[in-house]
Amino acid sequence: MALYATFLLYPVARSAIMSFTNRSPLKPTSSFVGFANYVELFADERLLTSLRFTALVVVVVTVVSNVAGLLFAMLLNGTGRNLRVMRTLVFIPQVLSGVIVAFVWRSILNQNGLLNTVLADLGLVDDPVSWLGSTEMATLSICVVVSWTTIAFATVVYTASLRTIPTELYEAARVDGAGALGRFRHVTLPMIAPGVTISVVLCLITTFKLYDVIAVLTGGGPANSTKSTAYYLVTVAFTNNRFGYASSIAMLLLALTAGVAYGVTTLLRRREAHL
Amino acid sequence: VRTTRSRVAAAWVVTLVFVLPIYLALSNAFKSQDQITANPLTPPAPFTFDNIVTALSRPDHLVQSGLFTSVLVTTLSVGLLIPLASALSLYIFERTPKVRATLLAVFAFGLMVPPQVVLQPIVLLLRDIGLANSYAGRAIFLGLWVWNDFLNPLFILGPLRGQTITTGVYLSLGTYSIDYAQLFGIMFLAAVLPVVGYLVGQREFIHGLMSGAAK
Numbered sequence: 039m040a041l042y043a044t045f046l047l048y049p050v051a052r053s054a055i056m057s058f059t060n061r062s063p064l065k066p067t068s069s070f071v072g073f074a075n076y077v078e079l080f081a082d083e084r085l086l087t088s089l090r091f092t093a094l095v096v097v098v099v100t101v102v103s104n105v106a107g108l109l110f111a112m113l114l115n116g117t118g119r120n121l122r123v124m125r126t127l128v129f130i131p132q133v134l135s136g137v138i139v140a141f142v143w144r145s146i147l148n149q150n151g152l153l154n155t156v157l158a159d160l161g162l163v164d165d166p167v168s169w170l171g172s173t174e175m176a177t178l179s180i181c182v183v184v185s186w187t188t189i190a191f192a193t194v195v196y197t198a199s200l201r202t203i204p205t206e207l208y209e210a211a212r213v214d215g216a217g218a219l220g221r222f223r224h225v226t227l228p229m230i231a232p233g234v235t236i237s238v239v240l241c242l243i244t245t246f247k248l249y250d251v252i253a254v255l256t257g258g259g260p261a262n263s264t265k266s267t268a269y270y271l272v273t274v275a276f277t278n279n280r281f282g283y284a285s286s287i288a289m290l291l292l293a294l295t296a297g298v299a300y301g302v303t304t305l306l307r308r309r310e311a312h313l
Numbered sequence: 045v046r047t048t049r050s051r052v053a054a055a056w057v058v059t060l061v062f063v064l065p066i067y068l069a070l071s072n073a074f075k076s077q078d079q080i081t082a083n084p085l086t087p088p089a090p091f092t093f094d095n096i097v098t099a100l101s102r103p104d105h106l107v108q109s110g111l112f113t114s115v116l117v118t119t120l121s122v123g124l125l126i127p128l129a130s131a132l133s134l135y136i137f138e139r140t141p142k143v144r145a146t147l148l149a150v151f152a153f154g155l156m157v158p159p160q161v162v163l164q165p166i167v168l169l170l171r172d173i174g175l176a177n178s179y180a181g182r183a184i185f186l187g188l189w190v191w192n193d194f195l196n197p198l199f200i201l202g203p204l205r206g207q208t209i210t211t212g213v214y215l216s217l218g219t220y221s222i223d224y225a226q227l228f229g230i231m232f233l234a235a236v237l238p239v240v241g242y243l244v245g246q247r248e249f250i251h252g253l254m255s256g257a258a259k
């Protein structure tokens with residue numbers, strides 16, 4: 039508890055205080071500037087761009103990884119050696135660090151990377167595709183890479199959830215004349231509701247904090263279009279040396295993450311109760 | 045659930061496509077640069093350990109020192125975390141439902157704090173007590189970031205001193221990305237320990253995760 043307070047609550051509190059100052063590592067002293075940093079937030083075009091980008095990635099990744107994760111888990115659900123081996127394989131992306139994942143994907147997506155080599159060999163493209171070069175392509179690539187790891191996570195959570203469903207429920211539903219779709223809607227979905235909550239909320243939180251994949255894959259480019267808010271925050275703090283202003287961005291990011299996460303949790307929990 | 049042969053086949057196809065990037069990283073770690081660029085998809089034949097040897101014989105000992113720091117930090121933090129976390133969860137479990145809900149909410153909040161938010165205050169805190177860029181400073185935070193954590197070691201330890209393997213990968217590969225042989229060699233070494241650890245302990249691991257997630 040003391041550790042938690044020292045290394046989590048204290049830094050958050052200190053960051054909150056710092057957000058009202060003009061603190062910089064280059065200057066020995068700092069002074070309170072009131073709400074100036076927060077006022078600046080509203081006029082910061084780059085922050086707005088980063089927020090828009092982050093929101094887009096968060097929504098896409100959360101939806102994609104949960105839908106794909108559930109389908110994947112249903113496909114791999116069951117007994118037998120084959121399925122067990124597959125479940126083990128599928129979870130590996132989640133074990134790798136974000137940096138490793140990003141480097142593997144960078145070697146695939148590079149201009150002269152593996153994907154372009156394969157596509158050219160198959161004669162599918164004449165010129166190498168710039169997977170990270172344009173705003174749209176880079177955004178798409180980042181969503182794919184992030185989803186790759188979150189799908190792995192969601193699959194494990196849903197596999198676990200599916201295991202908790204008693205088979206008698208499916209048999210009862212079958213006796214009642216429910217088809218495959220009906221069984222999915224009336225047995226599977228309600229029974230895995232707690233798993234949905236966990237998976238969705240953790241996906242949200244992870245993606246809100248997105249940093250390492252961006253640092254390796256695009257460095258925020260092209261033209262700052264793939265800067266996540268977390269990445270922008272680090273740039274402001276350690277490249278522009280503006281700790282005070284960066285702290286106010288940190289507070290905003292934290293408030294947004296916590297707000298969305300608690301909101302979604304409440305919503306999903308209420309839904310759990312209804313089902 | 046009944047598993048038909050066609051479903052198993054379909055499952056294999058999807059799974060193999062999904063883990064294709066891992067296969068690429070693994071197989072290309074044992075191929076020469078020419079082999080990689082010519083045939084990225086083929087298995088490593090002829091098989092070469094050159095990339096691994098090159099990675100291990102770098103003059104800056106990036107891989108060895110990085111692995112050492114990572115193992116040290118991971119061991120210590122896990123050693124610290126497990127007793128702490130078990131004690132804490134027992135403590136939480138024994139409270140009344142209302143207190144329990146509050147405590148859980150507080151800790152869930154901890155999960156949400158982006159590392160970037162606590163990074164600056166921690167860098168300042170360490171600087172104030174003179175521990176930035178030191179092993180001691182590092183040791184203090186063991187409970188918080190483990191092997192895969194990237195951002196904190198990068199900024200707290202400063203470049204090239206006591207860096208963990210993940211940071212090392214980032215710092216060294218940032219500069220020469222075209223040399224795939226080198227890249228895959230280093231990445232193989234950086235990733236092999238956690239993945240092997242996972243494969244060995246996966247039964248326990250998935251079990252634990254499942255019982256946790258199923259709540």
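Protein chains in written order, with the numbering used here: chain A, 39 to 313; chain B, 45 to 259. The beta carbon of each residue, even a glycine, is placed where N, CA and C say it ideally should be.
Collapsing the DSSP output to three states places Phe58 of chain A in coil. Taking 8 Å as the threshold, the shortest C-beta distance from Thr81 of chain B to chain A falls below it. Per DSSP, the unbroken alpha helix (DSSP H) holding Phe141 of chain A starts and ends at 136-147. Membership of Ala81 of chain A in the alpha helix (DSSP H) is indicated by the continuous run 74-81. According to DSSP, residue pairing for Phe276 of chain A in a beta bridge does not occur. Chain-order list of chain A residues neighbouring Ile96 of chain B: empty, with the shortest C-beta distance near 16 Å, by a criterion of under 9 Å. By the criterion of a C-beta distance shorter than 8 Å, Tyr269 of chain A is surrounded in its chain by Ser88, Leu248, Tyr249, Ile252, Ala253, Gly258, once the five residues flanking it on both sides are discounted. Inter-residue distance for Val107 of chain B and Tyr208 of chain A is about 52 Å (C-alpha atoms, whole angstroms). Taking the beta carbon of Leu127 of chain A as reference, the chain B residues within 9 Å of it are Thr59, Leu60, Phe62, Val63, Ile66, listed in sequence order. Taking C-beta separations shorter than 7 Å and ignoring five residues to either side along the sequence, the partners of Ala216 of chain A in its chain run His224, following chain order.
Relative to Leu64 of chain A, the option among A:Phe281, A:Pro49, A:Pro228 whose CA is nearest is A:Phe281. Listed by position along chain A, the residues whose Cβ is nearer than 9 Å to that of Ala73 of chain B form an empty set, because the closest Cβ is around 11 Å away. With contacts defined by Cβ atoms closer than 8 Å, Val71 of chain A and Phe58 of chain A form a contacting pair. When secondary structure is reduced to three states using DSSP, Phe74 of chain B falls in the coil class, being assigned neither helix nor strand. The beta carbon of Pro88 of chain B sits closer than 6 Å to those of Ser71, Phe74, Lys75, all from its chain and outside the five residues before and after it, given in chain order. Within the segment 141-161 of chain A, contact with chain B at the beta-carbon level (separation under 9 Å) is assigned to Phe141, Val142, Trp143, Arg144, Ser145, Ile146, Asn148, Asn150, Gly151, Leu152, Leu153, Thr155, Val156, Asp159. It is roughly 12 Å from the alpha-carbon of Ala69 of chain B to the alpha-carbon of Thr86 of chain B.
DSSP, reduced to helix, strand and coil, places Phe91 of chain A within a helical segment of the structure shown. The beta carbon of Ala225 of chain B does not come within 8 Å of any beta carbon belonging to chain A, so the residue lies off that interface.
In the three-state scheme derived from DSSP, where H, G and I count as helix and E and B as strand, Phe281 of chain A is classed as helix.
Phe222 of chain A carries a helical assignment under DSSP once its states are collapsed to helix, strand and coil.
Interface annotation for the segment 111-136 of chain A against chain B: Leu113, Leu114, Asn115, Gly116, Thr117, Gly118, Asn120, Leu121, Met124, Arg125, Thr126, Leu127, Val128, Phe129, Ile130, Pro131, Val133, Leu134, Ser135, Gly136, criterion Cβ-Cβ distance under 8 Å. Measuring C-alpha to C-alpha distances from Ile80 of chain B to each of A:Thr155, A:Met175, A:Val102 identifies A:Thr155 as the nearest.
Contact note: Pro84 of chain B reaches chain A through Leu152, Thr155, Val156, using a C-beta cutoff of 8 Å and chain order.
DSSP places Tyr249 of chain A outside any alpha helix (DSSP H), giving it a letter other than H or E. Residues of chain A whose Cβ lies closer than 7 Å to the Cβ of Ala55 of chain B are, in chain order, Leu113, Leu114, Leu121, Met124. Residue-level contact check: Val52 of chain B touches chain A, since one or more beta carbons of chain A fall below 8 Å from its beta carbon. Excluding sequence positions up to five before and after Ala275 of chain A, its CB lies within less than 7 Å of the CB of Phe281, Ala284, all in the same chain and listed in chain order. For Asn154 of chain A, the enclosing alpha helix (DSSP H) stretches over residues 152-159.
Contact annotation, Pro232 of chain A with Glu310 of chain A: C-beta distance approximately 6 Å; criterion of less than 8 Å satisfied.
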